[in-house]
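In our numbering, the protein residues as written are 5 to 123.
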């Protein structure tokens with residue numbers, strides 16, 4: 005499902021953005037990123053409580069969900085998924101694993117089904 009962790013895949017030094025490209029092939033990663041975005045940012049959930057965010061900070065950051073930074077900077081989901089996943093260290097923007105829409109997941113599903121028909 006979501007192992008290895010998002011941060012370890014993004015920090016992999018095996019080539020130019022190879023970790024992000026491997027994750028982009030996983031429908032589980034796309035669905036997980038969308039569900040986490042929906043549950044932690046779009047809707048009221050247990051993660052709106054700052055104490056819960058503080059207690060779960062290590063695990064959330066490892067999953068690519070820096071909720072403390074997101075709430076402190078009033079982050080909104082926009083731009084490309086690649087830009088979100090890579091972050092921007094120069095401007096202090098961490099890697100964020102959220103997926104804002106399901107277009108990529110649908111296209112990946114169509115691609116896999118087309119390949120399955122051909123094989």
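Where a beta carbon is used, it is the ideal one built from N, C-alpha and C, also for glycine. Computed from a prediction, not measured in an experiment: that's the story for all the values here.
If you count every other CB in all the chains shown that lies within 10 Å of the CB of residue i, and 16 or more means buried, which is it?
i	result
residue 31	exposed
residue 74	buried
residue 45	buried
residue 98	buried
residue 123	exposed
residue 8	exposed
residue 23	buried
residue 62	exposed
Alpha carbon to alpha carbon, how far is residue j from residue i? Give it in angstroms, no decimals.
i	j	result
residue 101	residue 121	31 Å
residue 49	residue 80	17 Å
residue 114	residue 108	10 Å
residue 104	residue 68	14 Å
residue 77	residue 118	41 Å
residue 2	residue 66	Coverage of the chain is limited to positions 5 through 123, which leaves residue 2 absent and any answer about it impossible.
residue 12	residue 111	26 Å
residue 90	residue 96	12 Å
Considering only DSSP beta bridges, list what residue i is partnered with.
i	result
residue 97	92
Just reading off the alpha helix (DSSP H) that residue i is part of, what are its end residues?
i	result
residue 72	71-76
residue 31	31-41
residue 103	Unbroken run through residue 103: none, as it is neither H nor E.
residue 61	61-66
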